[in-house]
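First comes the structure, then the notes that go with it.
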Ligand SMILES: NC(=O)c1ccc[n+]([C@@H]2O[C@H](COP(=O)([O-])OP(=O)(O)OC[C@H]3O[C@@H](n4cnc5c(N)ncnc54)[C@H](OP(=O)(O)O)[C@@H]3O)[C@@H](O)[C@H]2O)c1
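Residue numbers (the working numbering): 5 to 418.
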């Protein structure tokens, strides 16, 4: 059975089961089925709560040096796996960015991390006194690395405090929240960038260039898999399976990389979207979210994209572009490192594009350049909004068992 054979039973089970979800009311689900938005809107607003130090975190032995000149000071908000593992260590490679402050609900962890990164103890903020960053001139920008359902609130509060914002993906869990975030950025006259690191990763950049240069001819099919098998857990233990913090789950968290790559490799916006979601019953990992989401996109040129993402399938992070005269294989496609890209045309060419690890520091410096020099942002809030709109279309398709027609700005054509 292929990814795109209808799993009508699974989608209907999702709809039927949804009204019984503890965080979700029946009305909210009817609305969600209508517009594809996450039904978390009517549930109590999720709250920021400090967590223990994640496993496998290596703190620097000596604090990274602050670049000289007009380096931009970041406050990192949420000291979890993403912040402490690839992101904060990468700051030592930045030319115009440094960590100036930390925001965490766990004071002890905050102080330990602050010491390792040379951040003064009085620059350790909590979620309660977050708004006091307004009067801290050491902070130019805020980097939001919180669970996705908290992005909108903290981005808006950061703008109210007069700071620029780098926000992790997905931008938010609904297009309404994204629109509010963009409006807040404009009202504060401050920059908003989404941390789409692949736009700063050499292999992905090379792939974009190859596709623009028609290295595989005309694109006919893009296939993307972003999946892994999550261990036993519950919504109480893990925000990634909690609807109010994660939306429908794997697509917002991981499959968004496949969606993004389908757009930046094709250079097109979808014309139509057809999708299926699966929510197994009797599995506490999927009491509130989908286990897997499968999407078929048709682009105006006639090219198609098949996207599959899952928290319940053996790991893969793979992309393939099939064209009229060649194939580009990317495996892994969008990870932190180890990218293997192979171009097959008349011969076989390994793509050696450079060190993938530069993607992290490059993001910080990109926003720093925009703040200091007024440079354009490659991954602005509008791009985050576009992608959330497309995810809403995917959910609407799965929940209503229909093909969704898309406008050029990502909104659903009525
Ligand atoms: N770009 C990438 O490659 C990438 C990779 C992974 C994740 N992400 C994104 O980064 C964000 C965070 O993901 P993560 O993997 O870092 O998550 P994580 O390891 O679970 O950490 C999240 C952190 O957020 C804070 N937090 C505040 N309220 C929380 C709550 N109610 N439940 C759980 N944590 C809460 C905690 O920090 P304190 O204890 O300090 O308060 C926690 O350690 C998500 O938006 C995710 O999509 C991006």
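Each residue gets a CB set at the ideal place from its N, CA and C atoms; glycine is no exception.
### Query
According to DSSP, what are the bridge partners of residue 81?
Residue pairing by DSSP places residue 81 opposite 107, 148 in a beta bridge.
### Task
Under 6 Å Cβ to Cβ from residue 302, same chain only, skipping five residues before and after it: list those, please.
Within the same chain, and ignoring the five residues on either side of residue 302 in sequence, the residues whose Cβ sits closer than 6 Å to its Cβ are 275, 276, 308.
### Message
Three or more C-beta pairs under 8 Å: does that hold for the region 329–348 against the region 163–178?
### Response
Pairwise C-beta distances place the region 329–348 out of contact with the region 163–178, as fewer than three of them are shorter than 8 Å.
#### Entry: Residue from 333, 66, 224 with nearest C-alpha to residue 305
Distance from the Cα of residue 305 is smallest, within the candidate group 333, 66, 224, for 224.
### Task
Report buried or exposed for residue 238, applying the criterion of at least 16 other Cβ atoms within 10 angstroms of its Cβ.
Looking at its Cβ environment, which holds fewer than 16 other Cβ atoms inside 10 Å, residue 238 is exposed.
### Message
Applying the 10 Å Cβ sphere with the 16-neighbour rule, what's the burial state of residue 160?
### Response
Residue 160 is buried by the Cβ-count criterion.
### Query
Which residues bound the beta strand (DSSP E) around residue 346?
Counting along the chain, the beta strand (DSSP E) containing residue 346 begins and ends at 345–348.
### Task
Would you give the residue range spanned by the beta strand (DSSP E) that residue 460 belongs to?
One cannot answer for residue 460 here, as it falls past the ends of the chain, which runs 5 to 418.
### Task
With a 10 Å radius around its C-beta and 16 neighbouring C-beta atoms as the bar for buried, classify residue 379 as buried or exposed.
Using a 10 angstroms sphere on the CB of residue 379, the tally of other CB atoms stays under 16, which defines it as exposed.
### Close-in-space but distant-in-sequence residues of the same chain around residue 414 (CB under 6 Å, 5 per side omitted)
The beta carbon of residue 414 sits closer than 6 Å to the beta carbons of 390, 393, 394 from its chain, once the five residues preceding and following it are set aside; these are given in chain order.
### Task
Kindly give me the distance between the Cβ atoms of residue 114 and residue 83, rounded to whole angstroms, as I take these residues to be in contact under 8 Å.
Here residue 114 really is in contact with residue 83; their C-beta atoms are around 7 Å apart, less than 8 Å.
### Query
Does ligand 1 have a heavy atom nearer than 7 Å to the CB of residue 173?
Indeed, a heavy atom of ligand 1 lies less than 7 Å from the Cβ.
### Query
Beta carbon of residue 169: closer than 7 Å to some heavy atom of ligand 1?
For ligand 1, not one heavy atom lies less than 7 Å from the Cβ of residue 169.
### Task
Drop a sphere of 10 angstroms on the beta-carbon of residue 208, count the other beta-carbons inside from all chains shown, and report buried for 16 or more, exposed for fewer.
The residue in question, residue 208, is buried, as its Cβ has 16 or more Cβ neighbours within 10 Å.
#### Entry: Cβ-based burial, residue 151 [other Cβ within 10 Å; buried from 16]
Buried is the call here.
### Query
Once you ignore the five residues that flank residue 96 on each side, which residues in its own chain have a CB closer than 7 Å to its CB?
Cβ neighbours of residue 96 within its own chain (closer than 7 Å, five residues either side excluded): 68.
### Message
In the DSSP assignment, the beta strand (DSSP E) including residue 282 goes from what residue to what residue?
### Response
First-last of the beta strand (DSSP E) with residue 282: 276–282.
### Task
Report whether the distance from the Cβ of residue 152 to the nearest heavy atom of ligand 1 is below 7 Å.
Distances from the CB of residue 152 to the heavy atoms of ligand 1 include at least one below 7 Å.
### Task
Starting from the N-terminal side, write out each stretch of the beta strand (DSSP E) that is 3 residues or longer and does not extend beyond the region 113–196.
Those beta strand (DSSP E) runs which fall completely within the region 113–196 and span 3+ residues are 145–148, 168–171.
### Query
With a CB to CB cut of under 8 Å and the five nearest residues on each side skipped, what residues in its chain are close to residue 64?
Excluding five sequence positions before and after residue 64, the CB atoms of its chain that fall closer than 8 Å to its own CB belong to 93, 96, 120, 121, given in chain order.
#### Entry: Element boundaries [alpha helix (DSSP H), containing residue 264]
Boundaries of the alpha helix (DSSP H) around residue 264: 260–270.
### Which listed residue (403, 217, 266) has its alpha carbon closest to that of residue 330
Distances from the alpha-carbon of residue 330 to those of 403, 217, 266 put 217 closest.
### Task
Answer with buried or exposed for residue 100, where buried requires no fewer than 16 other C-beta atoms within 10 angstroms of its C-beta.
Buried, by the Cβ-count rule.
### Query
Grouping DSSP H, G and I as helix and E and B as strand, with all else coil, what is residue 375?
Helix, per DSSP.
### Task
Count the other C-beta atoms from every protein chain shown that fall within 10 angstroms of the C-beta of residue 25, then say buried if there are 16 or more, exposed otherwise.
Because residue 25 carries a pLDDT of 33, less than 50, the predicted location of this residue cannot be relied on, and no value is offered for it.
### Task
Please determine if the region 191–210 and the region 351–369 are in contact, where contact requires at least 3 C-beta pairs separated by less than 8 Å.
Verdict: yes, contact present.
### Query
Between residue 298 and residue 280, what straight-line distance do the alpha-carbon atoms span, to the nearest angstrom?
Going by the C-alpha atoms only, they are around 5 Å apart.
### Task
Answer yes or no: the CB of residue 149 versus the heavy atoms of ligand 1, is any distance below 7 Å?
Ligand 1 has a heavy atom closer than 7 Å to the beta-carbon of residue 149.
### Task
With DSSP as the reference, label residue 52 as helix, strand or coil.
It is coil, neither helix nor strand.
### Query
Which residue or residues does DSSP assign as beta-bridge partners of residue 230?
Listed as beta-bridge partners of residue 230 by DSSP are 313, 321.
### Message
Using 8 Å as the threshold, is the C-beta distance between residue 269 and residue 50 below it?
### Response
No, the Cβ-Cβ distance between residue 269 and residue 50 is not below 8 Å.
### Task
For the alpha helix (DSSP H) holding residue 248, just list the boundary residues, first then last.
Start and end: 247–250.
### Message
Once DSSP output is grouped into helix, strand and coil, what is the label at residue 76?
### Response
DSSP places residue 76 in strand when its eight states are reduced to three.
### Message
Tell me which residues share the same chain as residue 157 and place their Cβ nearer than 6 Å to its Cβ, disregarding the 5 neighbours each side in the sequence.
### Response
The answer is none, since no qualifying residue turns up.
### Message
Can you tell me whether residue 383 is buried or exposed? The criterion is at least 16 other CB atoms within 10 Å of its CB, across all chains shown.
### Response
Classification for residue 383: buried.
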